[in-house]
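Residue numbers for the sequence shown follow this note's numbering, so the first one is 34 and each next one is one higher.
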Amino acid sequence: MRRLVRWLSILVLLVLAGTTGTGMWLGGEVIRPARRSLQRHHREMLAQPEAFGMRLKPFIASDGTPVVVCEPSGIPAKRGRLVCEQLAARHAPLPRFGECDRVLVLVHGRRMRKEDMLFVSERFCAAGFRCIIPDLPGHGDHPASVAGYGTTESALPAKVAREAAARFGFSLENASLLGISMGGAIAVRAATLPDAPWKALVLLCTFDDLGSVVETQAEKLAGPVLGPLLAFGAETRFAIETGKTPSAANSKLLAPQVSCPVLIAHGTADSFIPPECGQRLHEALTAAKSRRWVPVPGAGHATIFTTDFPLFATLSEWLLREMPIRR
C-alpha cells in the first residue's frame, strides 16, 4: 500500500510539474510567437501597390522599428471602390480620391506582421486616410524579440507616427489609432499617454484583461483542475520575459483614462476572445468623448474582416465624422 501511495504521489508530482512546464512553454508562445514570413499576397502588394490604389513608403524608425506608410495613389482597386460606394450611399463626408488629410496608425495582432495590414490600408486609403503600419516587437522584422501586449511598447505608435510625419512632411492634426486583438491592448494604453495625438480610437476583437484570457484558454486546454497550473506556468514565463504579469495588460483598468471617441467592433462568434470581453471594455470607457459598440454578425476572431458585414465602411464613416477637416 505504501508503495502504491508513493508511486501515486510521484505520478501526481510529475503531472503537476509537467503541466506547469507546459504552461511555461505556452507562455513563451504568447510573448515570442513564431514570426510570420512574407506571404505570396504580401509580395504582390509590395511589388505593385498601385494596382491596389496605394503608394508605399517604407522606412526604419530611430529605434529600429520597420514601418510602411500607405497613401492613396492612382485609382482605387475593387475593394477600395466597394468601400467608397458604401460610404457614398451613407452620405459620408468622403474626400476626393488621393486626398489624405487624415492619418490612421494600424496596430496589428499577435502572429501578424505589418504586411498583413496592407489589405486593411487599401480600404482606408480609398476612404481618404494615410495609413502608418509598424511591425511590433516580437513580430515581423522588428529587432526586439518579446511582445509585451502594451506593457512595454505603448509609446511605439505615436513615435513612429511622429517620425513618419517629419520624414514625409504631413500633419498629425487629424490622427487616429486602430488596433486589432493584441494591437488593441497596445492602442488603449497608447491613448492614455501624455501628449497622445489621437483624435479617435478603433478597437477590433480585443480583450479587456490578458490575464483572464490566459486563464480561460488554459482551462479550455487542461480542464478546471489542471487549467490554473497551466495558466500559472504561462504567467510565470510572461513575467520572467517582460518584467510584468499578464494582469498588467489590463485594458479595462486603463479605459477610464481614455478621453477620445472610441469605437469597438467584435465578432459575435469569436470564441478566442468572446464578445463579452469587448463589451466589458466598452462599458469601462466612462471618460470617452463618445463610444460606440459594433457587433459583427457571425465573425470569429480570425474572420472579423471577411464577413458580408460592411465593416470597413462602418469604421471609415465613423472616423470621417469624428475627424472633420476644417478648411
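Glycine included, C-beta positions come from ideal geometry on N, C-alpha and C. Quick caveat, the model's predicted, so the values are computed rather than measured.
Within 10 angstroms of the beta-carbon of Ser70 lie fewer than 16 other beta-carbons, which makes it exposed. The region 320-332 makes contact with the region 285-303: 3 or more CB pairs, one atom from each, lie closer than 8 Å. Inclusion of Lys285 and Arg313 in the CB contact set at 8 Å is warranted, their separation being smaller than that value. Leu318: not part of any alpha helix (DSSP H); DSSP gives it neither H nor E.
Apart from sequence neighbours up to five positions away, the residues of its chain that approach Gly97 with a beta-carbon distance below 7 Å are Pro176, ordered along the chain. Bounds of the alpha helix (DSSP H) holding Val221 are Met215 to Ala224.
For Met78 against Leu151, the beta-carbon gap comes to about 5 Å, under 8 Å, which counts as contact. According to DSSP, His299 shares a beta bridge with Pro328.
Note that the C-beta distance between Met87 and Ser154 is below 8 Å. Checking the DSSP bridge columns, you'll see Cys133 has no partner listed.
Shown here, Arg163 sits in a strand according to DSSP, grouped into three states.
Sorting Arg143, Glu274, Ser204 and Ala191 by C-alpha distance to the C-alpha of Ala335 places Arg143 at the top.
A Cβ-Cβ separation of about 5 Å places Ala298 in contact with Leu237 under the 8 Å criterion. Around the beta carbon of Lys232, 16 or more other beta carbons lie within 10 angstroms, which makes this residue buried.
When C-beta atoms of the region 217-230 are compared with those of the region 326-345, fewer than three pairs fall below 8 Å, so the two segments do not count as touching. The continuous alpha helix (DSSP H) containing Lys285 extends over residues Ser284 to Leu287.
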